[in-house]
Amino acid sequence: MTHAYTVAARIALATALLLGIQGCLSGSDSTASAAETADPAPPGNTSGSGRGPSITPPGHAPPPEPEPEPSPTPTPDPEPDPEPDPTPDPEPDPTPDPTPDPTPDPTPDPEPEPDPTPPPAPTAPGGFVEDSVTATARAPLSEGQVSAFLPSRGAFNFPAPYNTRGARITNADDCGGQDCVYPVGYSYWRNTNYHVNDDEMLIFLGMNASRGGNGPTLFRYNKITEEVSNAGPLFPAGSSFAAGTGEMWYFSPSLPNILYIRDGSKLVRFDVITKTHETVFDAVSHFGSGHYIWQMHTSNDDRVHSATVRRSSDYSELGCFVYLEDTQEFRYFARQGSFDECQIDRSGRWLVIKEQVDGVNGMDNRFIDLQNGNAERVLADEDGAGGHSDMGYGVMVAADNWGPANAWRLWDFNDPTLDGRIVYRNNHWQAMAPAHASFVHARADAPATEQYMCGSAASSKTAVHANEVICFLLDGANNNTLVVAPVMTDQGATGGGDSYSRMPKGNVDITGQYFIWTSNMGGNRVDAFIVKVPFHKLYE
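Remember, this note's numbering sits 10 above the position in the sequence shown when you count from 1.
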């Protein structure tokens, strides 16, 4: 595929991607009763300031108006209005003409036209683009190298060759000196809130109370001053939620204060500021008692939700359901074989189920069109079904388990062939990189091929992008990859639990400007970090 964008057009697209995110944030105030105790989680690995107290999601908003085409030349601030003429108007004639001139004055000079091109948003520093196929592997940073540039909390610069701007969110003081920070939940569960129109970003992290933490905790990051502060626990010590890890919890894609959490069979909207909550749905009403939900997801309009339903007695996965909030309708898709997970796309129209359908090889993909009579297509694993993945609007980007080394593909659900386009590969089999990728900043007002996603990995091996945060365009035109930051994780160090828990599994914020992950920094405890993503370099 030939890349048709000029440099100016790519910079314009980058600015539009940054400025174009809009949201309808109105709603009605709501409170609810205290949370009920959640069903116990199965043993083993489980992974596969706001705007007031409004909890109820907004109505369907119209598509955003297209942004004016941005200027390719960055302008840090809007042009001020022209200075007024310092020369005062002449004094009026003290003896007015007794006979007014019937001829009107000539047309006055028009007011100066405002600059029709808005200034582009500020860009993040650092980062560099390289060809992922021909790139040279960079060795992971040692504990000593990491400690040399990290502050106790707050902003810092990553060293060369990255030179990006990061911030340390947690430190030992948050854990009483122990290793209490749980890993971020997963690449498709957002740890940062909808902060588009705010100077401040809210961040939630799980903090193990048995290791010096205070349970799930709220942090604040000021995007202007880069100050980080611990805003305290989200729940009192006696709450059943206080023991939660935060895995499978995620911030709303449009409601600034709302965190989605699981309460056994219920999906709950929790307001992190007012500490009020309401139940979105209770699966017991459809499946009966003895069931609970798992691995929930929500569309970007906060109206359509998906989850796996499991039996409490033996933790077995029974299938996947979708809940359409407007009509209070459940749609259930029973499992057909060994079941992995399911996820609704950002539009709320498409459901992807990963499970063994044909009895051959690994997990297959079921693609279900909820707006077309639940029409279903199956992509078998041996035919290129996706592995680790995330969803956009009508698309899935996933690891290719059968193709070139570390290949990631984009599948368009409207494509009748279901041929996935390769959007990243690196030709190095030594380590999985990226191991997980995040597309939670996907937008409806631009084709997926004009957007990008970011991923991360951590490995004991020195391999291309195996220990870095990277981003790549989804057009598949070339192998250009933006290298953002080192993950600073040592898989041989003790901090962070087992090797899977130590994997970054980071996620992008709603704007695509920040990436958050957890790292053991080569030592005996884990902390959380964010980095500003210089995504504009992908479009230059």
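We put the CB at the ideal spot given by N, CA and C, even for glycine.
Beta bridge counterpart(s) of SER529 as assigned by DSSP = ASP537
Taking the continuous alpha helix (DSSP H) assigned at HIS296, which residues delimit it? 294–297
Just verifying my parser: in three-state terms, what is the DSSP assignment at GLY353? Position check: residue 353 holds Gln in this sequence, whereas Gly was assumed. If DSSP states are grouped into helix, strand and coil, GLN353 belongs with the strands.
Report the rounded CA-to-CA distance for TYR549 versus ASN267, giving the unit in angstroms.
Near 32 Å, if we compare the C-alpha coordinates of ASN267 and TYR549.
Exercise. Distance, Cα to Cα, PRO130 vs ILE303?
Worked result: Note on PRO130: pLDDT 49, under 50, position unreliable in the model; no value is reported.
Does DSSP put LYS547 in a helix, in a strand, or in coil? helix
Around the Cβ of VAL314, are there at least 16 other Cβ atoms within 10 angstroms (buried) or fewer (exposed)? Taking every protein chain shown into account, the CB of VAL314 has 16 or more other CB atoms within 10 angstroms, so this residue is buried.
* **Those residues which DSSP pairs with GLY413 across a bridge** => Beta-bridge pairing links GLY413 to no other residue.
So, helix, strand or coil for ARG512, using DSSP?
helix
Exercise. Hey, ASN375 and GLY396: beta-carbon distance below 7 Å or not?
Worked result: yes
- Message: Taking 6 Å as the limit between beta carbons, can you name the residues of its chain near PRO98, skipping five residues before and five after?
- Response: With a pLDDT of 38 at PRO98, under the threshold of 50, the modelled position of this residue cannot be trusted, and the question is left open.
Mind the definition here: the stretch 133–151 touches the stretch 502–512 only if three or more C-beta pairs lie below 8 Å; say whether that holds. Segment contact: the stretch 133–151 against the stretch 502–512, fewer than three CB-CB distances shorter than 8 Å; contact not assigned.
So the candidates are ASP455, LYS364, THR472, TYR192; which of them puts its Cα closest to the Cα of GLY254? TYR192
Looking at chain D, is there any beta carbon in it that lies within less than 7 Å of the beta carbon of GLY507?
Structure shown: chain D not included; a single protein chain is present.
- prompt: Any idea which residues DSSP pairs ASN232 with across the strands?
  reply: Assignment of beta-bridge partners to ASN232 by DSSP yields GLU210.
Could you check whether GLY522 and ALA458 sit closer than 7 Å to each other, using their CB atoms as the reference points?
no
task: Just grab the DSSP bridge partners of ASP374 for me.
output: GLU365
- ASP292 and SER275: beta carbons closer than 7 Å? yes
| field | Collapsed DSSP secondary structure at THR459 in the structure displayed | value | helix
Simplified DSSP state of PHE159, which is helix, strand or coil: helix
request  = State yes or no: is the C-beta of MET406 within less than 7 Å of the C-beta of VAL362?
outcome  = yes
Exercise. Mapping DSSP to helix, strand and coil, what is GLU10?
Worked result: The requested residue 10 does not occur in the structure, where the chain is confined to residues 11 to 550.
Just tell me which of PRO544, ASN207, GLN155, ALA417 has its CA closest to the CA of VAL143.
ALA417
- Task: Give the secondary structure of GLY154 by DSSP, where H, G and I count as helix, E and B as strand, and everything else as coil.
- Result: It is helical.
First and last residue of the beta strand (DSSP E) that includes SER448?
In the DSSP annotation of this structure, the continuous segment of the beta strand (DSSP E) that includes SER448 starts and ends at 446–448.
Simplified DSSP state of ALA495, which is helix, strand or coil | Strand, per DSSP.
Check your understanding: So what does DSSP say about THR521, is it helix, strand or coil?
Key -> In the structure shown, the three-state DSSP call for THR521 is coil.
Quiz item: In the structure shown, what three-state DSSP assignment does CYS185 receive?
Solution: helix
On the DSSP letters alone, give me the boundaries of the beta strand (DSSP E) that ILE283 sits inside. ILE283 -> no beta strand (DSSP E), and no H or E assigned at all.
Since I believe HIS438 is in contact with ALA415 (beta carbons under 8 Å), could you give me their beta-carbon distance rounded to a whole number of angstroms? With a beta-carbon spacing of about 6 Å, ALA415 and HIS438 fall inside the 8 Å limit used to define contacts.
Compare the beta carbon distance of GLY505 and VAL536 with 7 Å and say whether it is the shorter of the two.
yes
Problem - Residue closest to ARG359, alpha-carbon to alpha-carbon, out of GLY222, ASP379, CYS481 - result: For the residues GLY222, ASP379, CYS481, the minimum Cα distance to ARG359 belongs to ASP379.
Q | Contact belief for SER448 with SER250 at Cβ below 8 Å, rounded distance in angstroms | A | Between SER250 and SER448 the Cβ distance is about 29 Å, and since that is not below 8 Å, they are no contact.
* Spatially closest choice to PRO335 from SER309, PHE343, GLY186, ASP508, by CA coordinates -> Note that residue 335 is Glu in the sequence shown here, rather than Pro. For the residues SER309, PHE343, GLY186, ASP508, the minimum Cα distance to GLU335 belongs to SER309.
How many Å lie between ARG148 and ARG453 at the Cα?
32 Å
request  = Name, in chain order, the residues that DSSP records as bridge partners for VAL332.
outcome  = SER316, ARG341
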